[in-house]
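Residue numbers (the working numbering), protein chains in the order written: chain H, 122 to 390; chain D, 122 to 390. Yeah, the Cβ is synthetic: ideal placement off N, Cα and C, and Gly gets one too. To start, the structure itself, in structure tokens.
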């Protein structure tokens with residue numbers, strides 16, 4: 122039996138740059154599918170395109186409309202192929218209307234001098250020693266992730282008492298466990314609760330407008346990570362007149378950088 | 122006489138979604154024009170499109186190839202217009218080949234609860250009390266900015282002695298002064314020296330691959346800012362196998378958030 126993520130990511134080639142997919146109830150959100158999954162599908166269309174060269178370095182996904190349950194079409198077009206990089210444009214449509222746009226840059230990486238300005242978190246308790254956060258039964262997608270909070274879990278009391286910040290540190294992985302790949306990592310980058318829920322200890326209507334992922338992992342590092350938990354640090358930045366942004370870093374179980382990600386989110390009230 | 126930025130941003134409508142522009146020697150970089158200027162042109166095509174609705178919330182620009190000096194064509198297409206948001210795809214071409222792709226989200230903002238998780242820097246000396254950094258005479262674009270470093274200027278000694286991080290804090294503005302608008306703010310987001318120069322105290326070949334800007338300013342805040350210096354904090358994240366990422370926050374003279382920005386940069390060696 123295939124993993125629910127592989128079912129949800131499945132795309133059928135329609136010839137040329139076109140693919141067809143279908144929303145998956147296993148990743149349902151309040152309205153339409155979990156955005157991280159939709160972002161992963163956009164990347165998947167690039168990765169399984171026969172013209173693809175290299176591995177992803179950056180991905181930006183813009184969510185233009187909530188997807189309806191059912192089929193969608195994805196067009197992935199290589200607009201420029203250089204010696205070591207390749208630039209892609211992706212559009213997802215339902216009934217002819219654009220629901221998502223994305224751009225991706227792929228590259229063939231070579232070993233170079235490497236370093237971190239962002240140190241990997243240290244002194245962190247092992248995932249195995251922490252309890253899994255209880256799942257929200259009404260949301261299917263949350264059940265697709267095992268989240269173990271070191272700090273900054275979704276507050277028990279949604280009492281509207283404002284907090285001074287919205288930092289979380291957690292271990293997370295696909296549920297059931299699944300070896301990490303670029304698509305799964307993309308979805309993980311959107312699996313953090315919107316910072317405004319933590320900051321305000323209050324649920325307000327929200328929707329991610331745009332998300333960017335910078336991939337620091339290559340295929341070798343992903344293979345080394347396998348199905349282990351990923352360590353993540355997440356924080357909010359600026360909340361102003363209906364839009365806020367948040368960022369996160371994701372680290373392998375062994376402390377190597379997997380991805381850095383930012384997103385801007387619409388909110389009401 | 123018009124400001125060099127306005128000259129460089131000028132686009133002639135070619136009908137429909139198409140515009141023509143031309144590189145400007147005033148913003149020349151080592152190869153082709155300064156990337157921040159090219160990013161600003163991509164946004165400008167959206168902003169002056171007759172179908173445009175709202176103000177920019179996010180912009181992602183992918184640099185697919187170095188521009189050659191001379192004319193280029195920009196196509197800006199509104200792929201989805203919702204009640205309060207609008208999604209754009211932008212492509213820039215020279216001689217029929219894609220040199221840049223971009224996506225932008227525009228929105229009509231309304232006043233809401235607002236807050237900062239990222240506090241504005243405090244205790245910062247006023248721009249007027251600081252010396253302007255000397256310009257690098259060989260690069261035209263650097264002369265288009267007045268930069269006053271509080272910390273983390275380009276090191277005097279490029280002696281290859283690695284530094285533990287690459288943080289800069291500076292005041293900067295267009296030179297000569299010019300009222301801030303969305304296009305100018307976009308260019309400012311790319312006006313920080315690549316973090317790897319500071320981290321390694323060494324110049325290595327680099328090129329920005331993708332840049333994202335989240336706009337927190339609206340037109341009213343930009344008008345309040347006018348031609349004053351903008352305060353910026355910039356830092357590096359992860360340098361790994363040929364690509365590194367950096368992020369920055371830009372603040373108004375009065376301490377309001379103008380933009381947050383990230384970019385991923387190719388480097389050799």
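Shown here, residue 155/D sits in coil according to DSSP, grouped into three states, outside any helix or strand. For the pair of segments examined, the segment 194-211 of chain H was found not to touch the segment 301-310 of chain D: the number of CB pairs separated by less than 8 Å stays below three. Cβ contact annotation for residue 177/D (same chain, cutoff 7 Å, sequence separation greater than five): 164, 225, 227, 303 and 336, in chain order. Flagged as an interface residue toward chain D: residue 359/H, by a C-beta distance shorter than 7 Å. For residue 238/H, at least one C-beta of chain D is nearer than 7 Å to its own C-beta. According to DSSP, residue 196/D shares a beta bridge with 139/D and 212/D. Within the DSSP secondary-structure output, residue 180/D pairs in a beta bridge with 225/D and 334/D.
By alpha-carbon distance to residue 209/H, the top candidate from 222/H, 218/H and 215/H is 222/H. Look at residue 342/H here: in three-state DSSP terms it is helix.
Around residue 364/D, the beta-carbon contacts reaching into chain H at under 8 Å are 178, 228, 230, 335 and 337.
Three or more Cβ pairs closer than 8 Å define a contact, and the segment 314-331 of chain D meets that threshold against the segment 274-285 of chain D. With respect to the 7 Å criterion, residue 245/H and residue 256/H are not classified as neighbours on the basis of their beta carbons.
Straight through space, the alpha carbons of residue 214/H and residue 191/H are spaced by roughly 12 Å. By the Cβ rule, the segment 138-148 of chain H counts as touching the segment 178-197 of chain H, because three or more pairs are nearer than 8 Å. Around residue 300/H, the same chain offers 347 and 348 as residues with beta carbons nearer than 7 Å, after the five sequence neighbours per side are excluded. Judged by DSSP in its simplified three-state form, residue 249/H adopts helix. Distance between residue 229/D and residue 233/H, taken at the CA atoms: about 44 Å. Here the alpha carbons of residue 260/D and residue 388/H stand approximately 42 Å from one another.
Those residues of the segment 364-386 of chain H placed with their C-beta closer than 8 Å to a C-beta in chain D are 364, 366, 368, 370, 378, 381, 383 and 385, ordered along the chain. Taking the Cα of residue 218/H as reference, the smallest distance to any Cα among 293/H, 350/H and 189/H is reached at 189/H. Beta bridge pairing from DSSP links residue 351/D with 293/D. Taking the CA atoms as reference points, residue 211/H sits about 8 Å from residue 167/H.
In this structure, residue 381/H lies near residue 358/D, with their beta-carbon atoms less than 7 Å apart.
Counting only residues of its own chain and dropping the five nearest sequence neighbours on each side, residue 318/H has a CB closer than 7 Å to the CB of 275 and 324. Bounds of the beta strand (DSSP E) holding residue 269/H are 266-272. For residue 173/H, no chain D residue has a Cβ inside 8 Å of its Cβ, as the nearest lies near 16 Å away. Flagged as an interface residue toward chain D: residue 235/H, by a C-beta distance shorter than 7 Å. Non-local beta-carbon contacts of residue 183/D in its own chain, meaning distances under 6 Å to residues more than five positions away in sequence, involve 222 and 331 in chain order.
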